[in-house]
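K.L.:
One structure, pasted below without further comment.
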Amino acid sequence: MATSKDLADLIFPDVKETTKDLDKRFPPRNLPEGAEVTRFAPSPTGFLHTGSLFTAMVAHKFAKETHGIYFFRLEDTDQKREIAGTGMDLVKQLKRFGIVADEGYCGDHEEGQYGPYVQSERGDIYKIVIKELIKKGRAYPCFCTKDDLDQLRLVQEANKVIPGYYGEYAKCRHYTIDEEIEMIKAGKPYVIRFKSKGNHLNHIKVHDEIRGDMDLTENDQDIVILKSDGLPTYHFAHLVDDHYMGTTLVTRGEEWISSLPIHIELFEAMGWKHPKYAHLPVIMINDKDTGNKRKLSKRKDPEAATSFFLKAGYPIQGFIEYLMTIANSNFEAWLMANPKGNMDDFNLSFDKFSLDGALFDLPKLNNISKELLANMDKDTFTAQAEEWAKDYDPELYGYITSDKAKFERIINIEREQEKPRKDYERFSDVTPKIRFFYNDQYDKMLKAAKLPFNEFITPEIIKAFLNDFVATLDLTHDESTWFNDMKTLGVKHGFANDRKVYKANPSQYNGWYADCISLIRIAISTSAQAPKLYDVLEILGKDEIARRINEVVATL
RNA sequence: GGCCCGAUCGACAAGCGGCUUAAGUCUUAGCCCUCUCAAGGCUACAUUCGCGGGUCCGAAUCCCGCUCGGGUCACCA
């Protein structure tokens, strides 16, 4: 009678090493007390998902905080869904958000002693562990076809029993080793399944760092651990990789909670200690059609792709800060107390995590982003705007690169002060707001638009006032002197120099000084809204102001 | 449907049995200030914590049931 060792040798004749060899190959890490080893382990199936970035950020942050290790592992075990090149993209995208791994897959190479960090290259390691599991009688070949499985499911549904491959329904677990060997020798295709000892009537207590003790049902499913293509399934790869890579803390989305019992049993079967788990809330969005909350969807929601926010011009730091407010409710208070603080000084903690998924809130992101942009010094702002514009806004990129000093003067209006202007929520807001500063653009705008002059002021008055303005303009005066000049000029042209005076007798005046100043603003910018006029005038310079005013007067 | 997780303002949330006639931030609305705008200042917006029961002198806070929302039930991760 054949033994399980015979079966294991038949299936993996070339595998000579054992887990003892693996223990030597991947010795325990030499890390200080309390240091956490965390990881980000995506599949190369597309762009960087906002939820993935959230998870990666949290993993990265915990490793940094505890002076541990954060590594990147590529989970490319699903060849059907894999999209070539996306592994590299993921690394690059993460880097843009400031998340760089201490070790692991780097796109074109690997760093670290616990690799390979790409699962498709770890075949030998998985096989060693599986061979051992077979020898122990905790794994077996399953010859069921897709049809067999479909059939089984139908029967189970009809009988209203829990679907799946377990217990009496796990047909292949009941074969004798001789039968198994015979079928393998006959060339029947098979997968390897884990042989569960659990019972779904039992409950197990599992600790989650965020949720505390959870009461879960014990696993009894004989899950597939090695697929017919020779690659492991997620559950099994998680077991092997996180064990041998020395992961101490697994951070992942809460959708994994239901498979936790599988993972727990897998670790027990190997006699290994499982890592700590922290199941993170998933970022939600309101479905436009149903109005219900649901997970951010790769297919339906543009917000699911981090590139969406990059393209939209959100500063990277702002997006990260928003994600942090979702992660820890006390982060926002910290941010307000430390507006210029380094995020590394904030300690992320599990007990401040919310238990249910936050609704993605664009207005909140906008607000955080606006605050951040307003409080940036002009050099940082310019540098980041340039980086963004290079990829997404050629017009802006042109402004910045052709005359950086001018651009900096423009965006520095009312910046770098106690209560700075808050004009921009994102870098994409910049171009439309500063366009009029550029002469050729101004000319185009002047041609295209009807100037929004107050219709109660006659063209004659406007003309006379503007002409006089140009004739008497003196930008060598300081702002308050200049402002008084304007009031005086206004009075000369029938504008009251005091609001109350005007209000008391509106018919006596053409308006008050706000109205005449508005004429200048409109003439030089084509818009009734612009930052402080004096600053704008200074940047444009006397000649250009005169040119613009003359152009406008000519059209009246 | 089974199992699991969760439930405080429109959103994010504080709250951990008496200090809560429920913080703060965003949004929204109004007022003030202001050369326009962006801001800034002030004010308003949950008599109530999904619902119903209990425990207790006392509950948003503990327990039970219901309801609702989410997740999961693959040779996908």
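For what it's worth, this note's numbering labels the leading residue of the first sequence as 1130, then goes sequentially. From the three backbone atoms N, C-alpha and C, an ideal C-beta is built for every residue, glycine too.
Three or more beta-carbon pairs under 8 Å between the stretch 1494-1512 and the stretch 1438-1447, yes or no?
P.N.:
Contact holds: three or more Cβ-Cβ distances are below 8 Å.
K.L.:
Give the list of continuous alpha helix (DSSP H) stretches no shorter than 4 residues that lie fully inside the stretch 1554-1588.
P.N.:
If we require 4 residues or more, the alpha helix (DSSP H) runs fully inside the stretch 1554-1588 come out as 1559-1563 and 1568-1577.
K.L.:
Take Ala1185 as the anchor and find which of Phe1200, Thr1174 and Gly1175 has the nearest alpha-carbon.
P.N.:
The residue with the shortest Cα to Cα distance from Ala1185 is Phe1200.
K.L.:
For a test of the three-state rule: what should DSSP assign to Gln1658, helix, strand or coil?
P.N.:
Looking at Gln1658 - three-state DSSP - the assignment turns out to be coil, as it is neither helix nor strand.
K.L.:
Taking Leu1687 and Thr1655 to be in contact with their CB atoms under 8 Å, please state how far apart those CB atoms are, rounded to whole angstroms.
P.N.:
Nothing in the structure corresponds to residue 1687, since the chain is present only between 1130 and 1685.
K.L.:
Among all the DSSP beta bridges, which residues are the ones paired with Met1343?
P.N.:
Answer is Val1335.
K.L.:
Write down every uninterrupted run of the alpha helix (DSSP H) in the stretch 1283-1367 whose length is 4 residues or greater and which is fully enclosed by it, in chain order.
P.N.:
Counting only runs of 4 or more, we get 1306-1314.
K.L.:
Taking 7 Å as the threshold (C-beta atoms), are Phe1272 and Cys1301 in contact?
P.N.:
Cβ distance < 7 Å, so Cys1301 and Phe1272 count as in contact.
K.L.:
Between Ile1692 and the rest of its own chain, which residues show a CB-CB distance below 7 Å, the 5 nearest in sequence each way excluded?
P.N.:
A query on residue 1692 cannot be resolved here, the shown segment of the chain reaching from 1130 to 1685 and no further.
K.L.:
Buried or exposed for Gly1527, going by 16 or more other Cβ atoms inside 10 Å?
P.N.:
Counting Cβ neighbours within 10 Å, Gly1527 comes out exposed, since fewer than 16 surround it.
K.L.:
Compare the C-alpha of Leu1262 against each of Leu1136, Ser1172, Ile1212 and Lys1221 and name the closest.
P.N.:
Checked all of Leu1136, Ser1172, Ile1212 and Lys1221; the closest Cα to Leu1262 is Leu1136.
K.L.:
Do you know offhand how far Leu1464's Cα is from Gly1470's?
P.N.:
Roughly 7 Å separates the two Cα atoms.
K.L.:
Within 10 angstroms of its Cβ, does Asp1279 collect 16 or more other Cβ (buried), or is it exposed?
P.N.:
Exposed, by the Cβ-count rule.
K.L.:
With distances taken between CB atoms, is the gap from Ala1433 to Leu1425 smaller than 7 Å?
P.N.:
The answer is yes: Cβ separation under 7 Å.
K.L.:
Between the C-alpha atoms of Asp1100 and Leu1488, what's the straight-line distance to the nearest angstrom?
P.N.:
Outside the displayed range of the chain (1130 to 1685) lies residue 1100, so it cannot be described from this structure.
K.L.:
Go to Leu1262, then tell me how far its beta strand (DSSP E) extends in each direction, as first and last residue.
P.N.:
Run containing Leu1262: none in the beta strand (DSSP E); it sits in the alpha helix (DSSP H), Gly1252 to Lys1264.
K.L.:
Can you grab the Cα-Cα spacing for the pair Met1343 / Ala1188, in whole Å?
P.N.:
Cα to Cα, the separation comes out at about 21 Å.
K.L.:
Identify, in the order they occur along the chain, each residue of the same chain with its Cβ nearer than 7 Å to the Cβ of Pro1404, setting aside the five sequence neighbours on each side.
P.N.:
Excluding sequence neighbours, Pro1404 sits near Asp1371, Thr1376, Thr1377, Leu1378 and Val1379.
K.L.:
Count the other CB atoms within 10 Å of the CB of Ala1299; is the residue buried (16 or more) or exposed (fewer)?
P.N.:
Counting Cβ neighbours within 10 Å, Ala1299 comes out buried, since at least 16 surround it.
K.L.:
Let me know if Met1615 comes out buried or exposed under the rule of 16 or more other beta-carbons within 10 Å of its beta-carbon.
P.N.:
It is buried - the Cβ of Met1615 has at least 16 other Cβ atoms within 10 Å.
K.L.:
In the structure shown, what three-state DSSP assignment does Arg1428 receive?
P.N.:
Note: Arg1428 maps to coil in three-state DSSP.
K.L.:
Look at the Cβ atom of Gly1180, then the Cβ atom of Ile1412, and state whether they are nearer than 7 Å.
P.N.:
Result yes, Cβ atoms of Gly1180 and Ile1412 sit closer than 7 Å.
K.L.:
Is the distance from the Cβ of Cys1645 to the Cβ of Phe1594 below 7 Å?
P.N.:
Contact flag set, yes.
K.L.:
Got a sec? Which residues, its chain only, sit under 7 Å from Ile1228 by beta carbon, not counting five neighbours each side?
P.N.:
Excluding sequence neighbours, Ile1228 sits near Ala1185, Met1186 and His1189.
K.L.:
For the beta strand (DSSP E) containing Lys1405, name the first residue and the last one.
P.N.:
Residues Lys1405 to Leu1409.
K.L.:
Could you check how far apart the C-beta atoms of Lys1427 and Gly1175 are, in whole angstroms? I think they sit under 8 Å.
P.N.:
Yes, Lys1427 and Gly1175 are in contact; Cβ-Cβ is about 7 Å, under 8 Å.
K.L.:
Could you give the DSSP three-state label for Met1130: helix, strand or coil?
P.N.:
In this structure, Met1130 counts as coil in the three-state DSSP scheme.
K.L.:
Compute the beta-carbon to beta-carbon distance between Ala1659 and Arg1650, rounded to the nearest angstrom, for a pair I have assumed lies under 8 Å.
P.N.:
Contact holds; Cβ gap of about 5 Å.
K.L.:
Around the C-beta of Asp1597, are 16 or more other C-beta atoms found within 10 angstroms, so that it is buried, or is it exposed?
P.N.:
Answer is exposed; the Cβ neighbour count stays below 16.
K.L.:
Could you tell me whether the Cβ atoms of Phe1365 and Tyr1243 are closer together than 7 Å?
P.N.:
For Phe1365 and Tyr1243, no; Cβs fall outside 7 Å.
K.L.:
Determine the extent of the alpha helix (DSSP H) in which Ala1737 is found, giving its start and end residues.
P.N.:
The displayed coordinates of the chain run from 1130 to 1685. Any statement about residue 1737 would go beyond what the structure contains.
K.L.:
Short check: CB of Gly1623 to CB of Tyr1638, under 7 Å?
P.N.:
Result yes, Cβ atoms of Gly1623 and Tyr1638 sit closer than 7 Å.
K.L.:
Pick helix, strand or coil for Lys1729, following the three-state DSSP scheme.
P.N.:
The question about residue 1729 has no answer, for the chain in this structure spans 1130 to 1685.
K.L.:
Closest to Met1453 by C-alpha separation, out of Arg1251, Phe1475, Ile1591 and Asp1150, would be which residue?
P.N.:
Nearest option by C-alpha distance: Phe1475.
K.L.:
Near Arg1628, what residues of its chain come up, given a Cβ to Cβ distance below 7 Å and the 5 sequence neighbours on each side ignored?
P.N.:
Hits under 7 Å: Trp1641.
K.L.:
What three-state label does DSSP hand Gly1216 in the structure shown?
P.N.:
Gly1216: helix per DSSP, three-state reduction.
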